[in-house]
Amino acid sequence: MPIDVHVHCKGGEDGTKVLKAMDAVGLERIVLMSRPAYYSLVTEEPDPVGHRVAIDELAKIVAPDPSRLVGFAWIEPTLPDAVEMVDYALGEKQLSGVKMLPNQWYPDDERAQAVYRQVERYRKPMLFHSGILWTWGNTSKYCRPAGFEIMMEYPGIRFALAHIAWPWTDECIAVCQKLQWTQPKRGHEWTCYIDITTGAPRLHKVNALRTALALVGDSHLIYGSDNADPEDPDAYRHTLAEDRAILREAGASPEVIERIFSKNALQWLGL
Amino acid sequence: MAIDVHIHTRGTEDGNKILKAMDEVGLKRVVLFAVPPHRSEEAKGEKQPHKIILDQIAKLVKVDPERLIGFAWIEPTLEDAVDAVKYAFEEKGLCGVKMIPNHWYPADEGPQACYAKINEYGKPMLFHTGILWGRSDTSQHCRPAFFEIMLHYPKIRFAMAHLSWPWTDECFAVCGKFRAAGNYKPENWRSYADMTSGAPRIWKTDAMRKGLAYMGDRQFVYGSDCFNAEDPEALKHNLTEDREILAECGCSKETMDRILVENAERWLGIAQSVETKE
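If you read the protein sequences in the order shown, they are chains A and B. Sequential numbering from 1 applies to the first sequence in the numbering used here. Sequential numbering from 1 applies to the second sequence in the numbering used here.
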């Protein structure tokens with residue numbers, strides 16, 4: 001059964017309703033991200049609710065079944081409590097990973113690296129927004145995939161680059177390939193995953209996946225929907241069907257599709 | 001008929017000869033750029049270098065400013081840049097601004113002071129984007145993602161030239177961001193992709209195919225990058241090739257008309273009406 005690694009919440013969802021929606025479409029697990037501590041995904045305006053509120057909301061949503069509702073805390077490293085909140089999320093609240101979005105900071109920013117160091121202590125996975133960023137202003141430049149090469153300094157973190165970093169899909173694949181080849185030489189696990197969540201227009205996405213499958217293989221590709229209505233089964237259905245079709249068009253066999261939709265995510269999550 | 005949005009001048013051309021060449025190849029209008037002020041021999045050493053080149057282009061287009069559309073070339077690192085914007089629009093009646101990020105990033109303070117001034121007039125802009133064939137490490141300043149800064153200047157319709165080759169996907173992604181920022185309403189979509197060559201044909205065909213699939217056909221404009229506007233052959237060459245490329249991409253006549261004529265008029269702000277249906 002598929003795993004969706006990229007689902008947003010607004011904070012007030014009912015976990016049992018989310019599980020019901022998942023059952024309706026046949027999802028085994030989802031990675032559910034807390035809302036950002038500083039920004040509203042609904043109004044697209046600043047909304048400084050703070051980490052603790054967002055993390056508490058998520059912990060409550062996933063409480064009915066944390067093995068299926070895999071909670072990721074959204075950590076904003078420019079907030080003064082970022083490192084402390086990693087402990088709160090992963091330690092006290094037992095959440096399963098961290099989401100980050102380079103919000104006008106580069107991935108090698110010292111404040112971000114302080115967060116990575118803390119996450120690495122827990123050996124938990126991370127999901128990064130990468131690629132074009134539709135927040136207001138001059139924001140996408142911080143989200144280039146090559147910027148995430150810094151994660152080589154944190155070999156205990158399996159991290160995923162979302163959206164195949166479109167439009168920089170070739171760069172994303174190249175970074176993934178770099179880590180594929182260089183990390184094992186240092187005795188490290190290959191830690192870079194590519195989250196195929198849409199952002200890329202279909203034609204681009206087919207080409208990108210064809211390239212990714214040829215260059216890095218299928219073991220580190222994972223499926224996500226970018227769904228922001230986790231209680232609604234229809235919100236999951238469309239991308240489940242479309243990404244299967246896209247992968248077929250890109251030449252993926254049924255076995256490969258199955259791995260991308262399921263097994264690879266378990267590996268990334270450390271399950 | 002076509003509109004060519006991307007023609008360079010030396011400053012010494014005869015507007016009548018340009019019109020004659022345009023008639024021969026079927027060009028309805030052309031956008032003519034002033035000489036870059038920092039490259040102009042006449043402007044060298046002048047305290048107001050922009051004034052020299054703006055006077056030149058205004059004189060050139062005077063014979064028929066509706067068909068010869070004069071764009072001021074503004075170099076924001078020169079002291080008179082912001083004043084030159086006012087001079088171009090208020091005194092010289094020019095229609096838009098051309099800029100090339102010449103060792104400056106689009107979000108730098110100097111360019112932004114110019115954008116703020118241009119925004120007051122609501123005039124269009126054409127930016128060089130993509131690889132830049134100067135003699136030093138110049139291209140890094142011309143990535144299309146850097147033009148997201150234009151979100152802050154809502155009255156400026158701007159075009160990114162050359163499809164930002166080799167960063168064509170990035171160009172389209174930025175356009176998509178502007179489309180979303182405009183709530184998907186066509187009248188709000190301010191970013192355009194100027195398909196002036198730069199990209200080798202095989203890349204350009206592929207890029208246009210993907211761009212049309214993603215963006216539709218209402219945000220592309222045609223340009224030649226011609227440096228000899230008096231020569232009909234120079235104007236004709238890229239027009240012929242780009243018609244072939246668009247045909248290869250499966251474009252209908254309606255799509256070609258949009259890309260070759262209508263979109264440019266909307267970008268320039270001289271369209272008859274704003275289309276509200278995608």
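Yeah, the Cβ is synthetic: ideal placement off N, Cα and C, and Gly gets one too. Just so it is clear, the structure is predicted and the values come from calculations on it, not from any experiment.
- Taken through DSSP and simplified to helix, strand or coil, B:PHE33 comes out as strand.
- Neighbours of A:LEU203 in chain B, taken as residues whose beta carbon is under 9 Å from its own, are ARG209, LYS210, ALA213 and TYR214 in chain order.
- DSSP, reduced to helix, strand and coil, places A:ARG202 within a helical segment of the structure shown.
- If you draw a straight line from the Cα of B:VAL97 to the Cα of B:ALA72, it is about 5 Å long.
- Judged by beta-carbon spacing, B:ASP4 lies within the 8 Å limit of B:SER224, meaning their Cβ atoms are closer than that value.
- For the options A:ALA245, A:HIS8, A:PRO36 and A:ASP243, the alpha carbon positioned closest to that of A:ASP226 is the one of A:HIS8.
- By the criterion of a C-beta distance shorter than 6 Å, A:GLU255 is surrounded by no residue of its chain, once the five residues flanking it on both sides are discounted.
- By the criterion of a C-beta distance shorter than 8 Å, B:LEU132 is surrounded in its chain by ILE100, PRO101, THR138, SER139, HIS141 and CYS142, once the five residues flanking it on both sides are discounted.
- Under DSSP, A:MET126 shares a beta bridge with A:VAL98 and A:PHE159.
- Buried is the label assigned to A:LEU90, since at least 16 other Cβ atoms lie within 10 Å of its Cβ.
- Cβ atoms of A:GLY270 and A:PRO155 stay farther apart than 8 Å, at about 14 Å.
- Taking 8 Å as the CB threshold, A:GLY137 lines the interface with chain B.
- By the C-beta density criterion, A:TRP181 is exposed, having fewer than 16 other C-beta atoms within 10 angstroms.
- Spanning the alpha carbons of B:GLY45 and B:ASP108 requires a straight line of approximately 25 Å.
- Residue-level contact check: A:ILE132 touches chain B, since one or more beta carbons of chain B fall below 8 Å from its beta carbon.
- For B:LEU94, same chain residues with a beta-carbon under 6 Å away, outside a window of 5 residues either side, are GLY70, ALA72 and ALA88 in chain order.
- Under the 8 Å criterion on CB atoms, B:ALA107 is classed as interfacial with respect to chain A.
- In this structure, the alpha-carbon of A:GLN183 lies about 8 Å from that of A:THR191.
- For B:GLY176, the enclosing alpha helix (DSSP H) stretches over residues 168 to 181.
- Contact between the segment 211 to 223 of chain B and the segment 167 to 179 of chain B is present: 3 or more CB-CB pairs across the two stretches fall below 8 Å.
- Under DSSP, the beta-bridge partners assigned to A:PRO46 are A:TYR39.
- Chain-order list of chain A residues neighbouring B:ASP169: TRP166, PRO167, TRP168, THR169 and HIS204, by C-beta distance under 8 Å.
- For A:SER140, the neighbours in chain B by C-beta distance under 8 Å run, in chain order, ALA145, GLU148, ALA173, VAL174 and LYS177.
- Taking A:CYS176 as the centre and dropping the five residues before and after it, the same chain places the C-beta of CYS192, ILE194, VAL216 and HIS220 closer than 7 Å to its C-beta, in chain order.
- Less than 8 Å divides the Cβ of B:HIS162 from the Cβ of B:GLY130.
- The beta carbon of B:LEU151 sits closer than 8 Å to some beta carbon of chain A.
- Secondary structure note for A:TYR193: its beta strand (DSSP E) is the uninterrupted segment 192 to 195.
- Chain A places no beta carbon closer than 8 Å to that of B:ALA116, leaving this residue out of the contacts.
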